[in-house]
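Using the numbering used here, read the sequence shown as starting at 5 and increasing by one per residue. Positions of the beta carbon are idealized from the N, C-alpha and C atoms, including for glycine. For reference, the structure is listed below as structure tokens.
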Amino acid sequence: MESTRDAAHSAAEYANGQVNNFLDSVEDLTKALKDIDTPDIARVRAKVKMALVAAKSAVTDTATQLRGTAKQVASRTDGFVRDNPWQVIGIAAVVGLAVGIFASRRRD
5 MESTRDAAHS AAEYANGQVN NFLDSVEDLT KALKDIDTPD IARVRAKVKM
55 ALVAAKSAVT DTATQLRGTA KQVASRTDGF VRDNPWQVIG IAAVVGLAVG
105 IFASRRRD
């Protein structure tokens, strides 16, 4: 279970890093345009800055919400497995049998 958590955590960190890199690139672009003083560019730059703030806030909120949801699901799953070990073994056996049957039919 730890390897699944580590993989999910790594994937989340990668996705979060990619979003942050994109937002940083957009922010760098707006800084590069700061020397241009036309009204149209100034208006676009102001809109982009507001969108950047909103996007960064949304990324943070979403990451926090996903982390909380993942912890709840993991806790519930752990509780179910601990309370019903034989049912979980039965479910795993049925799923394994079904996968085996489907895999053997594909070969034929």
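Check: Quick check: the region 62-74 against the region 29-36, are there 3 or more CB pairs under 8 Å?
Finding: No: fewer than three Cβ pairs fall under 8 Å.
Check: Nearest-angstrom Cα distance between Q91 and A102?
Finding: If you take the alpha carbons of Q91 and A102, they lie about 16 Å apart.
Next item on the list: Flag this pair as yes or no: are the beta carbons of L27 and K53 separated by less than 7 Å?
Entry: Their beta carbons are not under 7 Å apart, which means L27 does not touch K53 by this criterion.
Next item on the list: Could you tell me the distance, in whole angstroms, from the CA atom of R80 to the CA atom of A97?
Entry: Distance from the CA atom of R80 to the CA atom of A97, rounded to whole angstroms, is 21 Å.
Item checked: Proximal residues to N20 (C-beta, below 8 Å), its chain only, five neighbours per side dropped -> V63, A67, listed in sequence order.
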